[in-house]
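Residue numbering for the sequence shown follows the working numbering, starting at 546 and increasing by one per position. A quick write-up on the structure given underneath.
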Amino acid sequence: MEIGIVRQVDINREMQAAYLDYAMSVIVSRALPDVRDGLKPVHRRILYTMHAMGLGKGAPYRKSARIVGECLGKYHPHGDAAVYEAMARMAQDFSMRYPLVDGQGNFGSVDGDPPAAMRYTEARLTPIACEMLTDIGKDTVDFVDNFDGTLKEPEV
546 MEIGIVRQVD INREMQAAYL DYAMSVIVSR ALPDVRDGLK PVHRRILYTM HAMGLGKGAP
606 YRKSARIVGE CLGKYHPHGD AAVYEAMARM AQDFSMRYPL VDGQGNFGSV DGDPPAAMRY
666 TEARLTPIAC EMLTDIGKDT VDFVDNFDGT LKEPEV
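Encoded structure:
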């Protein structure tokens with residue numbers, strides 16, 4: 546980039562290129578699951594939040610609204626509906642071969658019925674999710690700063 550030089554650009558072409566670059570970066574960084582663990586960032590953040598809350602095997606269920614709030618406040622400031630929908634999907638045995646969230650309450654149906662509001666459902670991690678997170682504190686994954694730089698979260 547040349548500082549102090551003004552270039553003439555076609556606004557239509559520039560907007561097209563900028564939008565395409567942005568769209569591709571969103572698709573690659575958020576919309577596609579990572580090949581290393583099969584999770585999108587929102588799923589990874591939900592699981593890490595639940596792990597940090599101590600919601601492993603044998604732990605009592607915790608209100609979904611509490612889990613979503615923790616995740617939003619610490620790692621994923623993109624709206625509660627997106628986080629809750631992702632968490633509900635991880636609890637559905639008809640959506641995932643091995644559910645990662647053990648849900649209690651109405652988490653939707655195979656017929657397309659939506660989950661109940663997050664204030665009515667509860668969740669904890671399934672044993673397989675606990676297994677995925679077993680060695681997370683042993684330098685098995687890299688950690689990066691969260692959105693505001695106050696906490697660390699797993700990169701993958």
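Think of the CB as a built atom: it goes at the ideal place given N, C-alpha and C, for glycine as much as any other residue.
- DSSP lists L670 as the bridge partner or partners of V646.
- Contact between Y620 and E700 is absent: CB atoms are separated by about 12 Å, not below the 8 Å threshold.
- Taken atom to atom, the span from the alpha-carbon of H588 to that of Q553 is near 43 Å.
- Burial state of Y593 is buried, judged by a 10 Å Cβ sphere holding 16 or more other Cβ atoms.
- Between the C-alpha atoms of P578 and M569 there is a straight-line separation of about 14 Å.
- Taking one beta carbon from each stretch, the region 676-689 and the region 658-665 have fewer than 3 pairs nearer than 8 Å; the two do not touch.
- Exclusion of the five residues before and after L584 leaves P578 as the residues of its chain whose Cβ lies within less than 7 Å of its Cβ.
- The beta carbon of E615 lies closer than 7 Å to those of T594 and M598 in the same chain, with the five residues before and after it left out.
- No Cβ-Cβ contact shorter than 7 Å links L645 with G601.
- When S654, A626, Y629 and G648 are compared, the shortest CA-CA separation from F639 is found for S654.
- Between the C-alpha atoms of Y564 and A626 there is a straight-line separation of about 25 Å.
- Considering only R634, D687 and V686, the residue with the shortest C-alpha distance to A668 is R634.
- Between I591 and M641, the C-beta gap is not smaller than 7 Å, which leaves the two residues out of contact.
- Per DSSP, P586 is one residue of the alpha helix (DSSP H) stretching across P586 to A597.
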